[in-house]
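Accompanying notes for the structure given below.
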Amino acid sequence: MQQAFSAACLDGAMGPLKSSADCSVAVVIEKPKSAEHGDFACGMALKLAAPVKTSPLRIAETLAQYIGKNEACAAYLEKVEVAAPGFINFTLGTAWLTETISAVHNLGSDYGRAPDRDKKVLVEYVSANPTGELHIGHGRNAVFGSCLANLMKFGGYSVDQEFYINDYGEQILQLGRCAWALYQRLLGQAVDYPTEGYPEEFLRDFVQSAVDTVGDQYLTVGDEEGCSIVGDLVKDLIIENQRTLLKSLGIEFDVWYSERSLHSGGNVVDVLKEFDKHGFTYEKDGAYWLKAQELGDERDRVLRKSTGATTYLANDAAYHLTKYGRNYDLMINIWGADHHGQVPGLKGAVRALGQDPSKLEVILTQMVNLSRDGQIVKMSKRAGTVIMLSEVIDEVGADATRYYLAESSPQNTINFDLDLAKKTGRENPAFYIQYAHARCCAILRKALEPSTNSESGETEQPPISAHQWQEFLQEYKGDKQGKVFTALFDSDAVIAGHQKALIARLETFPSEVEEAVQARNPGRIARFAYDLANDLQKFYEVSRVITDDLSVSKARLGLIFATKQVLANALGIIGVSAPERM
RNA sequence: GCGUCCGUAGCUCAGCGGAUAGAGCUCCCGCCUUCUAAGCGGGAGGUCGUUGGUUCGAAUCCAACCGGGCGUACCA
-3 MQQAFSAACL
7 DGAMGPLKSS
17 ADCSVAVVIE
27 KPKSAEHGDF
37 ACGMALKLAA
47 PVKTSPLRIA
57 ETLAQYIGKN
67 EACAAYLEKV
77 EVAAPGFINF
87 TLGTAWLTET
97 ISAVHNLGSD
107 YGRAPDRDKK
117 VLVEYVSANP
127 TGELHIGHGR
137 NAVFGSCLAN
147 LMKFGGYSVD
157 QEFYINDYGE
167 QILQLGRCAW
177 ALYQRLLGQA
187 VDYPTEGYPE
197 EFLRDFVQSA
207 VDTVGDQYLT
217 VGDEEGCSIV
227 GDLVKDLIIE
237 NQRTLLKSLG
247 IEFDVWYSER
257 SLHSGGNVVD
267 VLKEFDKHGF
277 TYEKDGAYWL
287 KAQELGDERD
297 RVLRKSTGAT
307 TYLANDAAYH
317 LTKYGRNYDL
327 MINIWGADHH
337 GQVPGLKGAV
347 RALGQDPSKL
357 EVILTQMVNL
367 SRDGQIVKMS
377 KRAGTVIMLS
387 EVIDEVGADA
397 TRYYLAESSP
407 QNTINFDLDL
417 AKKTGRENPA
427 FYIQYAHARC
437 CAILRKALEP
447 STNSESGETE
457 QPPISAHQWQ
467 EFLQEYKGDK
477 QGKVFTALFD
487 SDAVIAGHQK
497 ALIARLETFP
507 SEVEEAVQAR
517 NPGRIARFAY
527 DLANDLQKFY
537 EVSRVITDDL
547 SVSKARLGLI
557 FATKQVLANA
567 LGIIGVSAPE
577 RM
């Protein structure tokens, strides 16, 4: 397309434009929504209407002629049509399609993977306080972060995943007081539970297992020491609980970064000096302030309180300075939307420290509402009716939990329908995609494994022998033009149409990955998988794979094998398993 | 008040500058002698929150307004 455009410009066919660089109209090839408009379409003639000063239709016709002159293109294209108001529609010849299947066979689990970009990315997510179990909101953050990390890896980045442990400050002292009180009570002491503390029922199990481990050996220490020791014991148990739960969702972090280590390592003290050095601080009312307003925030922010303690912002700035020190090209933070007000403060702090704020992206995830029997399940932290992530996983399973938390874009509120997530049918996309994968496996089993005749009870040989299948696999791979697959187009128009649609979908996977990476939106991959599953079902419905004609069976089995592979690749990014049978 | 996210079919959501706005659920009507019917096809269902603006062209971009969520600390 680009070549045709350039050639047309050189020949003076584009009016005032003498070169493709003379205007800013980009060559964009898109996939039309309607199949009537061919396999691909280009709308650039519409955009060229103004600079070329000619009607879009005439420009499109001119460009189409130049495409016809290009022999390399003509080999792949079956048809080039111009349609009102000025689209150029391409219908692909079969060569392009068969090469796609062959490419899937050759690349396998790497089909769709982008080449190495030589860029280091840090994705920091969950980072929940170690003061209780993870709830469904953390679950969303966790799943989104994990999917994004998978996606970025698949998109050619080198990715580290990090969990920031907020094991310092007021909330951890609070935890200590609560844990200490519960510890004493569980061991028969009559002490009061802190009135402003965390709900007892959230902590009781953790304190109980601390008691089980260490017994009453700390009962005699003073209150201060008790809060500190028992608090830390419970804190570690909570972190371990979070780690185990996340692992059950397939999430594992490369680094668990301790906030406490920033204080003991002097990073926080240093960062205050660093702010000072760049001239962004002042003292007022006994506190130490950051000139955040100059840096884009709505007001100035306190770095060190009049009590002498540093604020969360100061600690977070110190933390982020270590990220910059670790030489990442891109740092992505996944935060709950309730923290959106902190974004300008952190970005401002980063700028004040002389770092490049554009390397730091904050993605905010909106809330999750759970519904059951068509009713939203009311959640309240104070009333203790928060739904825990573990409850959801227990109820609907890890795969469905991941799918529903991965599918939506982060800025949309999720309505998680617990009843739907448990259904085994078309209406549940998580199931439907897995079912499509299992169906591909079933067909391959049917073709390759011996079966038992239900009437005679005798074992029957499979239609395709193991030896033949090995030959087929070699042929799929060795034949880069995919000539084996031309048999797919010999059948009747309906079947060929469905096969073509299926292959065309496989072909778009790499560009879907690229778009999802650019948009930081792994949910696109979830939807792609759903569309692919649908294309497979439609093909399956109209045509058998295993037929009497060996060349047709061979071609179709190759297509099924490729579809299974791409489904697995897509499911891999969103972290949902690809079952062999259901 | 200010900031931010969201308003698309009865419901849950895609689409985010282009061709007749798409799926699934729900409601009707069809399709199993053959690889998983846990499936497929057809029908019904819309002033894309409202009003202006930019554009050859707006659900999509801009502005104002109307609804709803979240936030607005010397808490973390």
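Position 245, counted from 1, in the first sequence is what my numbering calls 241; the numbers after and before it change by one each time, with no gaps.
The beta carbon of each residue, even a glycine, is placed where N, CA and C say it ideally should be.
Keep in mind the model is a prediction, meaning the values are calculated, not measured.
Problem - Entirely enclosed beta strand (DSSP E) segments - the segment 395 to 419, minimum 3 residues - result: Whole beta strand (DSSP E) segments, 3+ residues: 410 to 413.
Problem - A138 versus I570: straight-line alpha-carbon distance, rounded - result: 12 angstroms
Exercise for the section: Check whether the segment 79 to 98 touches the segment 473 to 482, taking contact to mean three or more Cβ pairs, one atom from each stretch, closer than 8 angstroms. Expected result: yes
Exercise for the section: Out of R422, Y214, I247 and Q362, state which residue places its alpha-carbon closest to the alpha-carbon of L182. Expected result: Y214
Handout entry: Helix, strand or coil at K442 [DSSP, three-state]
Key = helix
Handout entry: Those residues which DSSP pairs with W285 across a bridge
Key = Y278 and V298
Problem - Environment of R295 [buried if 16+ CB atoms lie within 10 Å] - result: exposed
Handout entry: Close-in-space but distant-in-sequence residues of the same chain around G246 (CB under 6 angstroms, 5 per side omitted)
Key = G571
Practice task
Could I get the ranges of all uninterrupted beta strand (DSSP E) runs contained in the segment 348 to 386, with 3 residues as the minimum, in chain order?
Solution key: Qualifying beta strand (DSSP E) stretches, in chain order: 356 to 361 and 364 to 368.
Handout entry: Buried or exposed (CB count within 10 angstroms, at least 16 for buried), A462
Key = exposed
Exercise for the section: Specify, as a first and last residue, the run of the beta strand (DSSP E) that T87 falls within. Expected result: F83 to L88
Handout entry: Stretch pair the segment 183 to 203 + the segment 149 to 165: three plus CB contacts closer than 8 angstroms
Key = no
Problem - Cross-strand partners of M327 (DSSP beta bridge) - result: L118 and L356
Practice task
Verify whether the separation of the beta carbon atoms of A566 and A525 is less than 8 angstroms.
Solution key: yes
Handout entry: Alpha carbon of A515 to alpha carbon of M148, nearest angstrom
Key = 11 angstroms
Problem - Neighbourhood of Q289 by C-beta, 6 angstroms cutoff - its chain only, sequence neighbours within 5 removed - result: R295 and D296
Practice task
With A521 as the anchor, note down where its alpha helix (DSSP H) starts and where it stops.
Solution key: Ala is not the amino acid found at residue 521; the sequence shown has Ile there. Here the alpha helix (DSSP H) through I521 covers G519 to V538.
Exercise for the section: Look up A124 in the DSSP assignment and say whether it is helix, strand or coil. Expected result: Under the three-state reduction of DSSP output, A124 falls in the coil class, being neither helix nor strand.
Practice task
Could you tell me which residues DSSP pairs with Q157 in its beta bridges?
Solution key: V119
Practice task
Give the DSSP bridge partners of C174, in chain order.
Solution key: The partner list for C174 (beta bridge, DSSP) is empty, contrary to what the question assumes.
Practice task
My understanding is that H101 touches G554, with C-beta atoms under 8 angstroms, so please give their C-beta distance in whole angstroms.
Solution key: 7 angstroms
Practice task
With DSSP collapsed to three states, give me the class of Y214.
Solution key: coil
Handout entry: Rounded C-alpha distance that separates L73 from R577
Key = 39 angstroms
Handout entry: V541 versus V548 - alpha carbon distance
Key = Here the alpha carbon of V541 sits roughly 8 angstroms from the alpha carbon of V548.
Practice task
Could you tell me the boundaries of the alpha helix (DSSP H) in which L469 lies?
Solution key: A462 to G474
Practice task
Taking only the alpha-carbon atoms, compute the straight-line gap between D352 and L118 and give it to the nearest angstrom.
Solution key: 15 angstroms
Practice task
State yes or no: is the C-beta of T87 within less than 8 angstroms of the C-beta of G34?
Solution key: yes
Practice task
Return yes when the Cβ of Y121 is within less than 8 angstroms of the Cβ of I389, no when it is not.
Solution key: With contacts defined as CB atoms closer than 8 angstroms, I389 and Y121 fail to qualify as a contacting pair.
Exercise for the section: Measure the alpha-carbon distance for E508 versus D369 and round it to whole angstroms. Expected result: 35 angstroms
Problem - Within 8 angstroms, strictly: CB atoms of K269 and A283 - result: no
Problem - Local conformation of T448 per DSSP, three classes - result: strand
Practice task
Look up G332 in the DSSP assignment and say whether it is helix, strand or coil.
Solution key: Reduced to three states, the DSSP call for G332 is strand.
Practice task
Using alpha carbons as the reference points, say which of L563, E221, K116 and L317 lies closest to L498.
Solution key: Taking the Cα of L498 as reference, the smallest distance to any Cα among L563, E221, K116 and L317 is reached at L563.
Exercise for the section: Can you tell me which of the three DSSP states Y189 falls into? Expected result: The answer is coil: DSSP assigns Y189 none of H, G, I, E or B.
Practice task
Specify the secondary structure class of F271 as computed by DSSP and reduced to three states.
Solution key: helix
Practice task
State the start and end residues of the unbroken alpha helix (DSSP H) segment that holds K496.
Solution key: A489 to A515
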